[in-house]
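A.B. asks: First residue of the sequence shown? That's 11 in this note's numbering, and the numbers climb one at a time after it.
Glycine is no exception: its CB is placed at the ideal position from the N, C-alpha and C atoms.
Note that the structure is a prediction, hence the values are computed from the model and not measured.
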Amino acid sequence: MGSLSTANVEFCLDVFKELNSNNIGDNIFFSSLSLLYALSMVLLGARGETEEQLEKVLHFSHTVDSLKPGFKDSPKCSQAGRIHSEFGVEFSQINQPDSNCTLSIANRLYGTKTMAFHQQYLSCSEKWYQARLQTVDFEQSTEETRKTINAWVENKTNGKVANLFGKSTIDPSSVMVLVNA
């Protein structure tokens, strides 16, 4: 394996096999692209063993030039690695208007206002995944935060997903919620 496309296909087949083994005889529907984007955004901030495990699960560990030198050592996102830059290009292409069909992806980070997030992570997330941070108060305004996230998702999906998070699904101790719609 040497290509990002091959890695993506292998990851998606792994997910399908797992879902299928737990839902024998049922129809299975999932967005492999959403899973890849969300987990790649997690990978962007991961280090050490977590980074290695994510790369293995996503089949990125054998992808040529996939390993990034880590943005903590790099002043620019452009040095963080081929995987994220390729996803950034793909993200831009998917969101281009086309008269024959409509496909769009939106990402957002909701982070607690009491946490100082690594600025380089936020910068790279916005550059490659168009995921900006919105600070929220999970602890004091959990229900309001849930409604804020749901409203954003409903807007980005043109009303097709109206209640992503049900009541009591967001914990007051949350630090960050990564949303892909």
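List the residues that DSSP assigns as beta-bridge partners of TYR131.
C.D. replies: Sequence index remark: in the sequence shown, residue 131 carries index 121 (1-based). DSSP, once it has assigned bridges, lists no residue as partnering TYR131.
A.B. asks: With DSSP as the reference, please indicate the residues paired to GLN144 in a beta bridge.
C.D. replies: In the sequence shown, the residue the question calls residue 144 occupies position 134. BP columns for GLN144 point to TYR120.
A.B. asks: DSSP has MET186 in a bridge; who is on the other side?
C.D. replies: Translated into positions along the sequence shown, residue 186 becomes position 176. Paired residues: GLY121.
A.B. asks: Would you mind stating whether ARG118 and GLN150 have Cβ atoms separated by less than 8 Å?
C.D. replies: Position 108 of the sequence shown, counting from 1, holds the residue named residue 118. Position 140 of the sequence shown, counting from 1, holds the residue named residue 150. Contact: no.
A.B. asks: Just tell me which of MET186, LEU68, ASP24, TYR131 has its CA closest to the CA of THR152.
C.D. replies: Within the sequence shown, numbered from 1, the residue matching residue 152 stands at position 142. Cα-wise, what sits closest to THR152 is MET186.
A.B. asks: Can you tell me the Cα-Cα spacing of ILE180 and HIS69, whole angstroms?
C.D. replies: Position 170 of the sequence shown, counting from 1, holds the residue named residue 180. Position 59 of the sequence shown, counting from 1, holds the residue named residue 69. Looking at the two C-alpha atoms, the distance is approximately 30 Å.
A.B. asks: Buried or exposed: PHE40, going by 16 or more other Cβ atoms within 10 Å of its Cβ?
C.D. replies: What you label residue 40 is simply residue 30 of the sequence shown in a count that begins at 1. Exposed, since its Cβ has fewer than 16 Cβ neighbours within 10 Å.
A.B. asks: CB LEU45 to CB ILE115, shorter than 8 Å?
C.D. replies: As a working mapping, residue 45 is identified with position 35 in the sequence shown. As a working mapping, residue 115 is identified with position 105 in the sequence shown. It is not a contact, given that the beta carbons lie outside the stated cut-off.
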